[in-house]
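Numbering (the numbering used here) for the sequence shown: 1 to 150.
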Amino acid sequence: MLRQQPNTRKRACSTRQLLALCFLPLTLGAISYWCWRPITNLERIIYSLLPDAMATGLINARASFHLPSVPFISDVFADVCWAIALTALLQHYSNTRSLWLSLFCVTTIELLQLLPVIPGTFDIYDLIAMTIAVCFTDHYLHLRMEKRQP
């Protein structure tokens, strides 16, 4: 019978740091959607499930937080945040190099928007920004991992 080998792979970051690298970017990305983007299909579904008064209140609250668009940044910020969180998770939990898997995921998601298999708008700038974010995050995590090794 085969015995499962213990996972002795060094982690790039602690669980607390992983939470920060995932929770913080995803929170900032959600806030940027709330402040800069039009209402999404997911929001419409959620609002339709809520009582009318609550849905109206949330829609009005969202409108009051709407900020003027900042060229380029307001368009790609949430996608960059998502790419950072994805890369951190894959680097922490995967035994493979997360760079290629993360790049595959972000490229596939953007291309599926182009086809249009999933909702969204394909944007080459999103793809470029997410690719840079994935490479930067992967490099940062590898530097941290090298620093932790004796």
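Positions of the beta carbon are idealized from the N, C-alpha and C atoms, including for glycine. In this text the structure is predicted, and so the values were computed from the model without any measurement.
beta-carbon residue i near the ligand SAM non-hydrogen atom, thresh 6 Å
i   : result
P71 : In terms of ligand content, the structure shown is empty, and the ligand SAM therefore cannot be addressed.
Separation of residue j from residue i, as counted between CA atoms
i    : j    : result
L127 : R16  : 29 Å
A88  : T137 : 7 Å
Q5   : R62  : Because the pLDDT at Q5 is just 48, under 50, the model does not fix this residue reliably, and the point stays unresolved.
F65  : C81  : 20 Å
R44  : P51  : 13 Å
S69  : V76  : 11 Å
L115 : A83  : 21 Å
L19  : T56  : 33 Å
N60  : C22  : 29 Å
F104 : Y47  : 33 Å
CA nearest to the CA of residue i, picked from the options
i    : options                : result
D79  : I46, R44, V134 and L18 : V134
G29  : M130, K147 and Y140    : M130
S74  : I31, S14 and E146      : I31
Y151 : L42, L141 and I118     : No statement about residue 151 is possible, as the shown extent of the chain runs from 1 to 150 and does not include it.
Opening and closing residue of the alpha helix (DSSP H) in which residue i lies
i    : result
T137 : I124 to R148
G120 : G120 -> no alpha helix (DSSP H), and no H or E assigned at all.
L58  : D52 to F65
P16  : The amino acid at residue 16 is misidentified as Pro; the sequence shows Arg. That run of the alpha helix (DSSP H) goes T15 to W36.
Whole-Å CB distance - residue i paired with residue j, under 8 Å assumed
i    : j    : result
F72  : Y33  : Not really, about 16 Å apart at Cβ, beyond 8 Å.
A85  : L26  : 5 Å
Q113 : T121 : 6 Å
Hey, is the segment 89-104 in contact with the segment 24-42, meaning 3+ C-beta pairs nearer than 8 Å? no
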